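Note that the protein sequences, when read in sequence, are chains D and V.
Taking our numbering, the leading residue of the first sequence gets 62, the next gets one more, and so forth.
Taking our numbering, the leading residue of the second sequence gets 62, the next gets one more, and so forth.
For every residue, glycine included, the Cβ atom is placed at its ideal position computed from N, Cα and C.
All values reported here derive from a predicted model rather than from experimental measurement.
Number of protein chains: 2
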Amino acid sequence: MSKRLLLISNSTNYGEEYLAYTKPYIKSFLGNEIKQVLFIPYAVIPEAYDEYTNKVNDVFMELGYEAKSIHDAKNESLAVENADAIIIGGGNTFHLTHMLHEKKIIKDIRKKVDSGTPYIGWSAGSNVACPTLMTTNDMPIIQPKSFETLNLVPFQINPHYTDTPIPNHKGETREERIKEFLSLNPDYKVVGLKEGAMLLVENEKITLMGHKTVKIFQCDKPVLEFDKAVSLDFLFK
Amino acid sequence: MSKRLLLISNSTNYGEEYLAYTKPYIKSFLGNEIKQVLFIPYAVIPEAYDEYTNKVNDVFMELGYEAKSIHDAKNESLAVENADAIIIGGGNTFHLTHMLHEKKIIKDIRKKVDSGTPYIGWSAGSNVACPTLMTTNDMPIIQPKSFETLNLVPFQINPHYTDTPIPNHKGETREERIKEFLSLNPDYKVVGLKEGAMLLVENEKITLMGHKTVKIFQCDKPVLEFDKAVSLDFLFK
Numbered sequence: 062m063s064k065r066l067l068l069i070s071n072s073t074n075y076g077e078e079y080l081a082y083t084k085p086y087i088k089s090f091l092g093n094e095i096k097q098v099l100f101i102p103y104a105v106i107p108e109a110y111d112e113y114t115n116k117v118n119d120v121f122m123e124l125g126y127e128a129k130s131i132h133d134a135k136n137e138s139l140a141v142e143n144a145d146a147i148i149i150g151g152g153n154t155f156h157l158t159h160m161l162h163e164k165k166i167i168k169d170i171r172k173k174v175d176s177g178t179p180y181i182g183w184s185a186g187s188n189v190a191c192p193t194l195m196t197t198n199d200m201p202i203i204q205p206k207s208f209e210t211l212n213l214v215p216f217q218i219n220p221h222y223t224d225t226p227i228p229n230h231k232g233e234t235r236e237e238r239i240k241e242f243l244s245l246n247p248d249y250k251v252v253g254l255k256e257g258a259m260l261l262v263e264n265e266k267i268t269l270m271g272h273k274t275v276k277i278f279q280c281d282k283p284v285l286e287f288d289k290a291v292s293l294d295f296l297f298k
Numbered sequence: 062m063s064k065r066l067l068l069i070s071n072s073t074n075y076g077e078e079y080l081a082y083t084k085p086y087i088k089s090f091l092g093n094e095i096k097q098v099l100f101i102p103y104a105v106i107p108e109a110y111d112e113y114t115n116k117v118n119d120v121f122m123e124l125g126y127e128a129k130s131i132h133d134a135k136n137e138s139l140a141v142e143n144a145d146a147i148i149i150g151g152g153n154t155f156h157l158t159h160m161l162h163e164k165k166i167i168k169d170i171r172k173k174v175d176s177g178t179p180y181i182g183w184s185a186g187s188n189v190a191c192p193t194l195m196t197t198n199d200m201p202i203i204q205p206k207s208f209e210t211l212n213l214v215p216f217q218i219n220p221h222y223t224d225t226p227i228p229n230h231k232g233e234t235r236e237e238r239i240k241e242f243l244s245l246n247p248d249y250k251v252v253g254l255k256e257g258a259m260l261l262v263e264n265e266k267i268t269l270m271g272h273k274t275v276k277i278f279q280c281d282k283p284v285l286e287f288d289k290a291v292s293l294d295f296l297f298k
């Protein structure tokens, strides 16, 4: 089976309902055979796992899938092994990464997705599909054991990418922050994934989805901006 | 001698020159006896240390102080020990914290400031005066050995604090991020220090300076907003 990921910038576009714009893409990605998905709520704080799972399950039930949370499983590693699809939602990337290490499920998830189990992530859930959390926008509210994440794709995503600054405010732009990252980590490619944009990864084929362009940042190279007409397969090279 | 710190939100206000609004406060804080200050440029990447030091020295020379950078010192620990004032500039808080650990100068700086040597920080330099880097806005472009920082004051600062969101953009507000931090770290007080605001710390007396109000965040308590008329000494309790 082929490796398949749907990496979504953000759950909710400005002025829209929760996960609204993502629904047709999720349905098309998961298809009609899957009945249950494994949801990983660890980007939020522990007190909020139940509420978060219910909120996500409401959306997935509409689409015909039951979302069962990993935090309700007796054996988390086994829950990953038996999953028909793995879904990691947004929240705080540091807390999510901390928990992935704490629960020791990183290798399990990687093995499972490598063997063809579909993976959907949004926001923090897309970020942790990359080699490290280092391109997150989140506040470091907890120190994870390591910044290493799932490494399901060989490039970095900056979710919620924007070129719009806060009005009358200084502090670095998103582009400046990504360029700082690249100056210390010159071997990476960074995808600036705007709100409303998604990457569909099928083995080493990458398709931009949604209605936004995508920006690609590389060390000492001009910033490139692509629309859906252009293949992004070079991100795997 | 008393412990003295000037903790500045940001180097540069929107539409102003570099460090412009801070100059009268820095002059008044350092006074006329000090001739030379020790500058720590580690919030920027190594290739930029010289340029950064020159830029800061230009401003400090105007005020009557020579800024010598720690990265030019043969023995960094000794440079701290002999400093008449310690200045840490802004940039990336993760890189700064990484270097403070790498150079093993955290205890030296703490001892020196505790014994009365004036400390000035802005942006990342104010954040690292706190117990941890966890309330930074910066991108985690490098993994420091630990999130622990100088612990010169017992509360946290969020520099560049703002209530203004990016227009038509989702993703957490600054207040939401700070509240997430507090839910995992309930014993801290967090000062939202707006651009143009400063805290003058003299032993356990704290005065708000500049022309902005300050917001104080605590776990499970209402957010408080103060102007200069109110004592902030409770931050030490």
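Query	Result
Would you say the beta carbon of V/SER89 is closer than 7 Å to some non-hydrogen atom of the ligand GDP?	Within the structure as shown, the ligand GDP is missing, as the structure has no ligands at all.
So, does the CB of V/SER187 fall closer than 8 Å to a CB anywhere in chain D?	no
Do D/VAL98 and D/TYR79 have their C-beta atoms closer together than 8 Å?	no
Any beta-carbon of chain D closer than 8 Å to the one on V/GLU163?	no
Under 8 Å between the Cβ atoms of D/PHE278 and D/VAL251?	yes
Spell out the partners DSSP gives V/ALA258 in its beta bridges.	V/GLY271
Leaving out five residues on either side along the sequence, give the residues of the same chain with a beta carbon under 8 Å from the beta carbon of D/PRO247.	CYS280 and ASP281
Please classify V/LEU285 as buried or exposed, where buried requires at least 16 neighbouring CB atoms within 10 angstroms.	exposed
So, for V/TYR103: in the same chain, excluding its five sequence neighbours on each side, which residues have a beta-carbon less than 6 Å away from its beta-carbon?	LEU157 and MET160
Check the Cβ-Cβ distances between V/HIS221 and every residue of chain D, and say whether any is below 8 Å.	yes
Is there a Cβ from chain D that is less than 8 Å from the Cβ of V/GLY232?	yes
Can you list, in chain order, the residues of its chain whose CB lies under 8 Å from that of D/GLY177, leaving out five sequence neighbours each side?	MET62, SER63, LYS64 and ARG65
How should D/ALA190 be labelled, buried or exposed, when 16 other C-beta atoms within 10 angstroms of its C-beta is the threshold for buried?	buried
Smallest Cα separation from V/THR225: which of V/VAL105, V/ILE203, V/GLY253 and V/GLU123?	V/GLY253
Assuming D/ILE95 and D/ASP145 form a contact by the criterion Cβ under 8 Å, report the distance between their Cβ atoms to the nearest whole angstrom.	5 Å
Check the Cβ-Cβ distances between D/GLN279 and every residue of chain V, and say whether any is below 8 Å.	no
Output, in chain order, the set of chain V residues within a Cβ distance shorter than 9 Å of D/ARG238.	ASN153, ASP199, MET200 and ILE202
So, helix, strand or coil for D/LYS64, using DSSP?	coil
Could you tell me the distance, in whole angstroms, from the CA atom of D/LEU194 to the CA atom of D/ILE147?	19 Å
Let me see if you follow: with CB-CB separation under 8 Å, is V/THR225 close to chain D or not?	yes
Under three-state DSSP, which class holds D/VAL120?	helix
Measure the beta-carbon distance from V/SER187 to V/ILE218 and round it to whole angstroms, keeping in mind my assumption that it falls under 8 Å.	5 Å
Going by beta carbon distance, what residues of the same chain come within less than 7 Å of D/THR114, once the five residues before and after it are set aside?	PHE100, PRO102, ALA128 and SER130
To the nearest angstrom, report how far apart V/LEU91 and V/PRO179 are at their CA atoms.	7 Å
Taking Cβ to Cβ, would you say D/ILE170 is nearer than 8 Å to D/VAL141?	yes
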